[in-house]
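Read through the structure below, which is laid out as structure tokens, and then see the notes.
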Amino acid sequence: MTTPTSGKTSPLHDRHTALGAKMADFGGWDMPIEYPGGGVVAEHTAVRERVGIFDVSHLGKASVTGPGAADFVNACLTNDVRRIQPGSAQYTLCCDESGGVVDDLIVYLKSDEELFLIPNAANTAEVVRRLQAAAPDGIEVTNQHEDYGVIAVQGSRSDEVLETLGLPTGHDYMSFVEADWQGRPVIVCRTGYTGERGYEIVPRWHDTPAVWDALVEAMAPFDGKPCGLGARDTLRTEMGYPLHGQDLSLDISPVEARAGWAVGWKKESFWGKEALVAQKAAPTRLIRGLRVDGRGIPRPHCAVSADGANVGEVTSGTFSPTLKQGIALALLAPSVADGATVEIDVRGRAVAATVVKPPFVQVQVRQP
Amino acid sequence: MSDLDYPDDLRYTTDHEWIRVGADGMVRIGITAFAQDALGDVVYVSLPAAGETVAVGDACGEVESTKSVSDVYAPLEGEVTAVNPALDATPELINSDPYGEGWMFEMKLADSSALEALMDSETYQASLT
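Taken in sequence, the protein lines are chains A and B. Here the first sequence is numbered in the working numbering, starting from 45 and rising by one per residue. Here the second sequence is numbered in the working numbering, starting from 10 and rising by one per residue.
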């Protein structure tokens, strides 16, 4: 079922087609959704129980360099980069002046003069455009989308897989190490989108296939699997992590998405501050978790009602391979209480669900 | 698609269902290897109730996978006589054994000659390319 698309291709595209992956468009990139001999559930389980590797080279990369680069980024993006030290990364948001989310991204603080950004594939050009437009003389914002690949290694056996390659492991959650692998520079960051212990490795674009091949070999003793974006989506939904374009967007603010923890409220300024501060006082809808009580899988845009009245809609919904039940993130009226029973309209059928606080699944290794 | 097979003794529909013809106008119905592969991991199946009368093309059930959901259509007119009870607890049988343990329901046909209108394996496979 390999469907040819006209999207951009990852440096690992040949590896995916050789494995017979089902490919699909994701943010303008032709990416693997799942691999044969497994499928979403088996790949998901590999990560929850052992280890899996994901090609996420479609993610954007950009650099911000120059004197005062960190202060400049801090005055634009929501989170407070002064909360972290060089060598650490941070989840942050790029908002517009109305508080809508242009993108959510990871910022690597290399030094006060150098930051590395990992935005979403489809939003990279726009994030770079906005930063370039705002950058004062002396600060350079460069789109490096196809200068680097990104491979995520996720699961409790991740450390052993990286150790097989001689890569650094065991550094703190959200910190990164710049390392050398067989004469090739790589960044190894303890981040991920699955809730499991894991790393994201950033090699140069043309070095990415060699790193991938070495990881495939290294994870074999642990029964690791290459995992597609299908499993990445079920894993992140189980953790309640938002996906831009569904749970965060120009129409869904960080306040509504309950990502206020990634906003430096005390900072003097950042894009969208005024609007977000006003909204924070009285939000009209909030992202909540829904766990289906019986059968049925909620999908984005399914309507949600309580006592016969509409209270919002699903933003992300899927089948949780861990719980073997439907789960969803939904934008609901703040009056709906945790523990309340609601009904989700799934293709005309009323499916009962309980309002819960994500994560839906408790992972084995709690991250600090 | 070369690794998926389409047994010669079955009939096929454009909705990617197969029909195995039994005695006395009885047929068994499931979805093809192509359909299960396209859906991915099947996690829920809902089926018509035994005793229900269905017409050609009636949406009479659903197959839901981690990725998407598809209707199950009645390929022929008749009365549903049995549904596969195993699919309730083990819907993944549709992936692992679509023509065997993963069968979906059985019908008694109103008119057995209607089978002639369905595709044979060769025609169905040609329709997939």
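Virtual Cβ for every residue (Gly too), placed ideally from N, Cα, C.
What number of angstroms, rounded off, separates the C-alpha of residue i from the C-alpha of residue j?
i, j, result
"valine 100 (chain A)", "threonine 213 (chain A)", "20 Å"
"proline 344 (chain A)", "threonine 385 (chain A)", "19 Å"
"arginine 37 (chain B)", "threonine 89 (chain A)", "33 Å"
"leucine 19 (chain B)", "leucine 279 (chain A)", "39 Å"
"arginine 332 (chain A)", "leucine 375 (chain A)", "6 Å"
"aspartate 389 (chain A)", "isoleucine 296 (chain A)", "21 Å"
"glycine 236 (chain A)", "glycine 242 (chain A)", "6 Å"
"threonine 138 (chain B)", "alanine 44 (chain B)", "14 Å"
"lysine 269 (chain A)", "alanine 254 (chain A)", "17 Å"
"serine 293 (chain A)", "glycine 308 (chain A)", "19 Å"
"aspartate 267 (chain A)", "valine 95 (chain A)", "8 Å"
"isoleucine 455 (chain A)", "leucine 209 (chain A)", "There is no way to answer for residue 455 (chain A), as the model of chain A reaches only from 45 to 412."
"glutamate 131 (chain B)", "valine 81 (chain B)", "23 Å"
"valine 54 (chain B)", "aspartate 382 (chain A)", "30 Å"
"glutamate 357 (chain A)", "proline 378 (chain A)", "13 Å"
"glycine 272 (chain A)", "glycine 60 (chain B)", "42 Å"
"alanine 83 (chain B)", "glycine 64 (chain A)", "33 Å"
"glutamate 115 (chain B)", "leucine 56 (chain B)", "11 Å"
Between residue i and the rest of its own chain, which residues show a CB-CB distance below 6 Å, the 5 nearest in sequence each way excluded?
i, result
"threonine 328 (chain A)", "none"
"alanine 275 (chain A)", "Val84, Glu87 and His88"
"tryptophan 27 (chain B)", "Leu19, Tyr21, Gly39 and Thr41"
"histidine 215 (chain A)", "Val221 and Arg234"
What does a CB cutoff of less than 7 Å around residue i pick up in its chain, not counting 5 residues either side in sequence?
i, result
"threonine 186 (chain A)", "Ala106 and Ser107"
"glycine 182 (chain A)", "Gly110 and Pro111"
"aspartate 291 (chain A)", "Ala301, Ile331, Thr359, Ser360 and Leu373"
"glutamate 157 (chain A)", "Thr109, Gly110, Pro111 and Ala113"
"glutamate 184 (chain A)", "Thr109 and Gly110"
"alanine 319 (chain A)", "Glu141, Ser142 and Gly143"
Terminal residues of the continuous beta strand (DSSP E) containing residue i?
i, result
"asparagine 354 (chain A)", "353–364"
"glycine 274 (chain A)", "Here glycine 274 (chain A) belongs to no beta strand (DSSP E); instead the alpha helix (DSSP H) covers 273–283."
"arginine 92 (chain A)", "Looking at the DSSP string, arginine 92 (chain A) is not in any beta strand (DSSP E); the run it does join, the alpha helix (DSSP H), is 84–93."
"arginine 59 (chain A)", "Here arginine 59 (chain A) belongs to no beta strand (DSSP E); instead the alpha helix (DSSP H) covers 57–63."
"serine 121 (chain B)", "Run containing serine 121 (chain B): none; DSSP gives neither H nor E here."
"serine 79 (chain B)", "78–82"
"alanine 394 (chain A)", "393–400"
"isoleucine 245 (chain A)", "242–247"
"glutamine 198 (chain A)", "195–198"
"isoleucine 97 (chain A)", "96–99"
"serine 349 (chain A)", "347–350"
Using the three-state DSSP reduction, which class does residue i fall into: helix, strand or coil?
i, result
"alanine 178 (chain A)", "helix"
"aspartate 14 (chain B)", "coil"
"aspartate 46 (chain B)", "helix"
"glutamate 78 (chain A)", "strand"
"glycine 317 (chain A)", "According to the sequence provided, residue 317 (chain A) is lysine. The question's glycine does not apply to it. Correct three-state label for lysine 317 (chain A): helix."
"proline 265 (chain A)", "helix"
"alanine 381 (chain A)", "coil"
"tryptophan 305 (chain A)", "helix"
"lysine 154 (chain A)", "strand"
"arginine 329 (chain A)", "coil"
"alanine 258 (chain A)", "helix"
"alanine 133 (chain A)", "strand"
"arginine 410 (chain A)", "Unreliable placement is indicated for arginine 410 (chain A), whose pLDDT of 45 sits below 50; the coordinate value is still reported in the next sentence. Looking at arginine 410 (chain A) - three-state DSSP - the assignment turns out to be coil, as it is neither helix nor strand."
"isoleucine 103 (chain B)", "helix"
"glutamate 170 (chain A)", "helix"
"valine 117 (chain A)", "helix"
"lysine 52 (chain A)", "strand"
"valine 65 (chain B)", "coil"
"histidine 25 (chain B)", "coil"
"arginine 126 (chain A)", "helix"
"threonine 46 (chain A)", "Bear in mind that a pLDDT of 44 at threonine 46 (chain A), under 50, signals an unreliable position, so the model cannot answer this."
"aspartate 337 (chain A)", "coil"
"histidine 250 (chain A)", "helix"
"aspartate 191 (chain A)", "coil"
"leucine 211 (chain A)", "coil"
"leucine 159 (chain A)", "strand"
Bridge partners for residue i per DSSP, in chain order?
i, result
"glycine 31 (chain B)", "None, per the DSSP bridge assignment."
"glutamate 184 (chain A)", "A:Thr109"
"alanine 68 (chain A)", "A:Met75"
"tyrosine 217 (chain A)", "Looking at the DSSP assignment, tyrosine 217 (chain A) forms no beta bridge with any residue, so it has no partner."
"tryptophan 225 (chain A)", "A:Arg228"
"glutamate 115 (chain B)", "B:Arg37 and B:Ala91"
"alanine 59 (chain B)", "Bridge partners of alanine 59 (chain B): none, in fact."
"tyrosine 53 (chain B)", "B:Glu73"
Taking the alpha helix (DSSP H) that residue i falls in, what are its first and last residues?
i, result
"tyrosine 133 (chain B)", "130–137"
"serine 202 (chain A)", "202–208"
"isoleucine 371 (chain A)", "Counting along the chain, isoleucine 371 (chain A) falls outside any alpha helix (DSSP H), though it belongs to the beta strand (DSSP E) covering 369–376."
Just to confirm my understanding: we take residue i, look at its own chain, exclude 5 residues before and 5 after, and list those with CB closer than 8 Å. What are they?
i, result
"leucine 118 (chain B)", "Gly34, Met35, Val36, Leu85, Glu86, Gly87 and Leu124"
"glutamine 134 (chain B)", "Tyr15"
"glutamine 129 (chain A)", "Leu153"
Under 9 Å between beta-carbons, which chain E residues line up against residue i? List them in chain order, please.
i, result
"tyrosine 53 (chain B)", "Absent from the structure is chain E; the protein chains it does hold are A and B."
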